[in-house]
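Visitor: All letters in the sequence shown, in the order written, are residues 113 to 657 by my numbering.
Here a beta-carbon is modelled for each residue, glycine too, at the ideal position from N, C-alpha and C.
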Amino acid sequence: MSTYALPTPLSRPEAKPKTLYTVASGDLRPSANVKCWPTQRRLEEDFAAAAQSFGWSIERAHPFDEEKGHGFIDSQRAGIEVFKNIPADAPVVVVDAVWQYSHHVLPGLRTHRGPILVVANWAGDFPGLVGLLGLTGSMTKAQVDYSALWSADFTDAWARAKLGEWLETGTIEHDQSHVRDLPALDPERDEVELGTALARQLRDEKAIIGVFDEGCMGMYNAIFDDELLNPLGIYKERLSQSALVAEMKKVSDDEKCAIKRWLDERGFTFHFGSDPATELTEDQVLSQFAMYIAALRIADDFGLDAVGIQYQQGLKDTVPASDLAEGLLNNVERPAVFSRDGQRELYAGHPLPHFNEVDEGVAVDALVTNRIWTAMGLDPATTLHDIRWGEEYDGEFVWVFEISGSVPASHNGGYDKSYSMRQPPMFFPLGGGTLSGCSKPGEIVWSRVFIMDGELHVDLGRGHVAELPAEETQRRLDATDPQWPIMHAVLHGVSRDQLMARHKANHAQVVYAPDAATADRALLAKAAFFAELGVHVHLCGDVAM
C-alpha cells in the first residue's frame with residue numbers, strides 16, 4: 113500500500129441510452145460570443161429537432177452562462193472541465209454556427225472514445241462552415257476520428273439521411289471520388305522539369321519563413337512542426353509581435369504619408385469616417401502603413417522569404433488591423449519601402465509572400481507558388497481565402513471565398529478597383545482598414561497543404577472566378593461580411609459537398625493564371641514541385657495533366 117496520498121481517479125458518468133451530448137466551441141473574444149449566441153442557439157434547436165425525430169435525446173454538456181451572456185466554451189480550460197463530465201464512450205456532437213477556437217475542445221476530443229460528429233449551419237452571415245473546417249482540419253492533424261455534416265436547418269433529405277447514417281453506425285461516408293493521387297509524371301515535360309528543379313533548389317539552398325507568434329485563433333491545423341518543414345528546405349524564424357510594434361514606432365510620419373500618397377495616386381479608395389470606434393480613420397491606416405514598413409524591414413533583417421503576422425489575439429488590443437499591410441505585401445506592384453538608412457529598396461519589384469493568420473500550410477503553399485509563377489513569368493500574387501459559403505448561380509455552384517481583410521490588389525484588377533473599409537468592431541476594437549474588392553474573372557489554381565497521418569499532403573485543383581452581376585455580388589457580401597474581399601470561385605469537377613467532406617482546413621490558397629492552358633501547365637509544375645519534396649500530392653476534380 114502506498115505511503116503517498118494518491119489522486120482520486122476521475123469518475124465519469126454513465127452514458128444514457130440513445131442520448132447525444134452536445135458541445136459548442138466558441139470564440140475567445142467575449143463580444144463575438146455574445147453577438148453570435150442567438151444564431152448558435154437556433155442551430156442547436158434545429159439539430160436537436162432532427163435528432164429527436166430519429167428517437168434520440170439531446171443533453172447539452174455545458175450550460176448557458178447568464179453572467180457572460182452566452183453558452184459557448186470560451187477557453188481551453190473550460191473545454192477540459194466540460195469533457196470531464198461527458199461519458200467517455202457516449203456519442204458527442206460539436207455544434208458550430210460560428211467561427212470557433214478549435215483548441216477549446218481538442219483536449220477533450222483527443223481522448224474521447226465515443227463517436228464524434230461536427231455539424232455546421234449552411235449560412236453566410238455567421239461562419240459556422242469556416243469553424244467546422246478549422247476544427248475538422250485540426251482533428252485530422254491530431255488523428256482523431258470524426259464525421260462532419262452541414263445543413264441550413266437539418267430538415268433537408270440529404271442531411272437527414274446522413275444524420276440517420278451516423279446515428280445508426282457512428283460514422284458518415286461522404287463522396288470523395290473527386291480526389292485521386294498524382295500519377296507518375298513524365299520527367300521530360302518542361303513543367304515537370306521546372307517544378308523538380310525548383311524543389312531541389314529550395315531543398316538545397318533553403319528558405320526562411322518568419323512567424324510573428326504562432327498559433328492564431330486556435331488553429332492547431334495551421335501549426336506545422338519543424339520536423340515536417342525542414343526536410344522541404346523550409347525553416348522558421350520565430351519572431352515576437354512585440355518586436356513588430358516596436359519597429360512600427362520607429363517609422364517616420366513622412367514614410368507613412370508617402371504610402372498613403374502612393375495609393376491615392378493609383379486610385380485606391382478609403383472609406384473614411386470620423387468616429388474611430390465604428391469608422392475608418394486616417395490615423396488607423398497610417399498605423400497600418402507603419403506595420404507594412406516595419407514588416408519589410410524586419411524581413412530584411414532576418415533574410416525572410418515569407419512572413420506571417422498573427423494579429424488575433426496578440427495585436428488586436430495594441431494596434432489597428434494587419435490586413436492592409438498584408439494585402440500590400442502580397443502584391444508585385446506595391447509602395448516602395450527602403451532600409452532604415454534609405455539606401456536600399458527592400459524586395460524591390462517582388463511581393464513578400466504573407467501567410468495571413470500565421471497559417472503555415474499557407475506559408476508553404478505561398479512560397480512554392482511564388483517560385484513557380486515567377487519562374488514562368490506569371491503574376492505570383494497569391495492569397496488564402498476562407499471557404500465561407502456558396503450557392504448555385506446560373507447553373508453552377510459559386511463559392512463565396514472571403515478572407516477577413518485583404519487580397520493582393522491585382523486579384524481585384526488593380527488598386528483603382530480596390531478599396532479599404534473599417535474592420536468590424538466586434539473582432540477589431542482598434543479598427544484598421546481592409547484591402548478589399550471583388551476578384552476579377554479568370555482562371556485559378558486552388559490548393560491546400562495539410563497534415564494527415566503525421567505527414568504533409570497537398571490537394572490541388574483548377575477553377576475559375578465567375579463574373580456575377582453587381583447586385584448579386586452585393587447580395588453575397590451583405591449575406592456575409594460586406595467589408596471583406598470576395599471571390600466568386602467555381603471549382604472544376606468538385607461539388608459543394610465533396611469539397612466540404614474532403615477539405616482539411618478553413619483556408620484555401622488561390623492564384624491566377626492568364627488562361628486555362630497556362631493554369632494547367634502551372635498546376636503541373638506545382639504538382640511536380642511538391643512531389644519532388646516528398647509531399648503526398650492529390651488532384652481534386654477536373655485537372656488536366
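Measure the Cβ-Cβ separation of Gln595 and Met533 and say whether it is below 8 Å.
Guide: Contact: yes.
Visitor: With burial defined as no fewer than 16 other Cβ atoms inside 10 Å of the residue's Cβ, what is the status of Gly379: buried or exposed?
Guide: By the 10 Å Cβ count, Gly379 comes out exposed.
Visitor: Apart from the five residues on each side of it in sequence, which residues of its chain come closer than 7 Å, Cβ to Cβ, to Lys130?
Guide: Cβ within range, chain order: Gly167, Trp168 and Ser169.
Visitor: In whole angstroms, what separates the C-alpha of Ala620 from that of Gly573?
Guide: Looking at the two C-alpha atoms, the distance is approximately 11 Å.
Visitor: Going by DSSP in three states, Leu547 sits in which element: helix, strand or coil?
Guide: Looking at Leu547 - three-state DSSP - the assignment turns out to be strand.
Visitor: For the beta strand (DSSP E) that contains Glu171, what are its first and last residues?
Guide: Glu171 -> beta strand (DSSP E) spans Ser169 to Arg172.
Visitor: Grouping DSSP H, G and I as helix and E and B as strand, with all else coil, what is Trp211?
Guide: Note: Trp211 maps to coil in three-state DSSP.
Visitor: How far does the beta strand (DSSP E) with Thr494 in it reach, from first residue to last?
Guide: Segment Thr494 to Tyr505, the beta strand (DSSP E) holding Thr494.
Visitor: Between the region 263 to 274 and the region 241 to 250, do at least 3 Cβ pairs fall closer than 8 Å?
Guide: Contact between the region 263 to 274 and the region 241 to 250 is absent, because fewer than three Cβ pairs lie under 8 Å.
Visitor: Compare the Cα-Cα distances from Thr267 to each of Ala162, Thr223 and Val561 and report the closest residue.
Guide: When only C-alpha atoms are compared, the closest one is Ala162.
Visitor: Going by beta carbon distance, what residues of the same chain come within less than 6 Å of Ser531, once the five residues before and after it are set aside?
Guide: According to the sequence as given, residue 531 is Tyr; it is not Ser. Only Thr381 and Ser548 meet the Cβ criterion.
Visitor: Excluding five sequence neighbours on each side, which residues of the same chain lie with their C-beta closer than 7 Å to the C-beta of Trp211?
Guide: Asp139, Pro239, Val242 and Gly243.
Visitor: Under a three-way DSSP split, which group does Gly439 fall into?
Guide: Gly439: helix per DSSP, three-state reduction.
Visitor: Among residues of its own chain, excluding the 5 on either side of Ile421, which ones have a beta-carbon nearer than 6 Å to its beta-carbon?
Guide: Only Phe324 and Ser434 meet the Cβ criterion.
Visitor: I'd like to confirm the pairing. Which residues does DSSP put opposite Trp262 in its beta bridges?
Guide: According to DSSP, Trp262 bridges with Ala232.
Visitor: Can you tell me the Cα-Cα spacing of Val647 and Arg560, whole angstroms?
Guide: Roughly 12 Å separates the two Cα atoms.
Visitor: Please tell me whether Val205 and Thr134 are closer than 8 Å, where the distance is taken between their beta carbons.
Guide: Yes, the Cβ-Cβ distance between Val205 and Thr134 is below 8 Å.
Visitor: Just the C-alpha distance for Ile320 and Leu464, rounded to the nearest angstrom, thanks.
Guide: If I take the Cα positions, the gap works out to 12 Å.
Visitor: Of the choices Gly544, Pro125, Arg373 and Tyr459, whose alpha-carbon is the least far from that of Leu392?
Guide: Nearest of Gly544, Pro125, Arg373 and Tyr459 to Leu392, Cα basis: Gly544.
Visitor: May I ask you to report which of helix, strand or coil DSSP gives Thr151?
Guide: In the structure shown, Thr151 sits in a helix (DSSP, three-state: H, G or I).
Visitor: With DSSP run on the structure shown, which of helix, strand or coil describes Phe641?
Guide: DSSP places Phe641 in helix when its eight states are reduced to three.
Visitor: Please tell me whether Arg172 and Ala200 are closer than 8 Å, where the distance is taken between their beta carbons.
Guide: No. Outside cutoff.
Visitor: Note down the Cα distance separating Asp685 from Leu408, rounded to an integer number of angstroms.
Guide: Since the first residue of the chain shown is 113 and the last is 657, residue 685 is not available in this structure.
Visitor: Kindly provide the ranges of any beta strand (DSSP E) runs that are 3 or more residues long and lie completely inside the region 396 to 448, ordered along the chain.
Guide: Fully enclosed beta strand (DSSP E) runs of 3 or longer: 418 to 421.
Visitor: Using the rule of at least 16 other Cβ atoms within 10 Å of the residue's Cβ for burial, across every protein chain shown, is Gly455 buried or exposed?
Guide: Checking the sequence, you will find Gln at residue 455 rather than Gly. With fewer than 16 Cβ atoms within 10 Å of its Cβ, Gln455 is classed as exposed.
Visitor: Suppose the cutoff is 6 Å on Cβ atoms and the five residues either side in sequence are ignored; what does the same chain contact list for Pro553 look like?
Guide: So the qualifying residues of the chain are Val577 and Glu579.
Visitor: How many whole angstroms separate the CB atoms of Phe184 and Gly220, which I take to be in contact at a CB cut-off of 8 Å?
Guide: Not a contact, Cβ separation roughly 14 Å.
Visitor: Would you check if there are 3 or more beta carbon pairs closer than 8 Å linking the region 512 to 519 to the region 495 to 502?
Guide: Because the criterion of three Cβ pairs below 8 Å is met, the region 512 to 519 and the region 495 to 502 touch.
Visitor: Give the C-beta separation of Arg608 and Gly502 to the nearest angstrom, bearing in mind that I take them to be a contact with Cβ-Cβ under 8 Å.
Guide: Rounded, the Cβ-Cβ distance is 6 Å, consistent with contact.
Visitor: For the region 334 to 361, list the beta strand (DSSP E) runs that are entirely contained and at least 3 residues long, ordered along the chain.
Guide: DSSP runs (the beta strand (DSSP E)) wholly in the region 334 to 361: 346 to 351.
Visitor: Measure the alpha-carbon distance for Ala437 versus Met599 and round it to whole angstroms.
Guide: So the two alpha carbons sit approximately 20 Å from each other.
Visitor: Closer than 6 Å by C-beta to Val649: which residues in its own chain qualify, once you throw out the five before and the five after it? Chain order, please.
Guide: Same-chain partners within the cutoff: Leu294, Val570, Ala639, Phe642 and Ala643.
Visitor: For Pro626, does the count of other Cβ atoms within 10 angstroms reach 16, so buried, or fall short, so exposed?
Guide: Exposed, because fewer than 16 other Cβ atoms sit within 10 Å of the Cβ of Pro626.
Visitor: Report the residue ranges of all beta strand (DSSP E) runs contained in full by the region 266 to 327; include only those spanning at least 3 residues, in chain order.
Guide: Within the region 266 to 327, the complete beta strand (DSSP E) runs of at least 3 residues are 291 to 293 and 319 to 324.
Visitor: Would you call the region 368 to 376 and the region 411 to 427 in contact, with 3 or more CB pairs under 8 Å?
Guide: At 8 Å Cβ cutoff, the stretches do not touch.
Visitor: Apart from the five residues on each side of it in sequence, which residues of its chain come closer than 7 Å, Cβ to Cβ, to Glu367?
Guide: These residues qualify, in order along the chain: Ile405.
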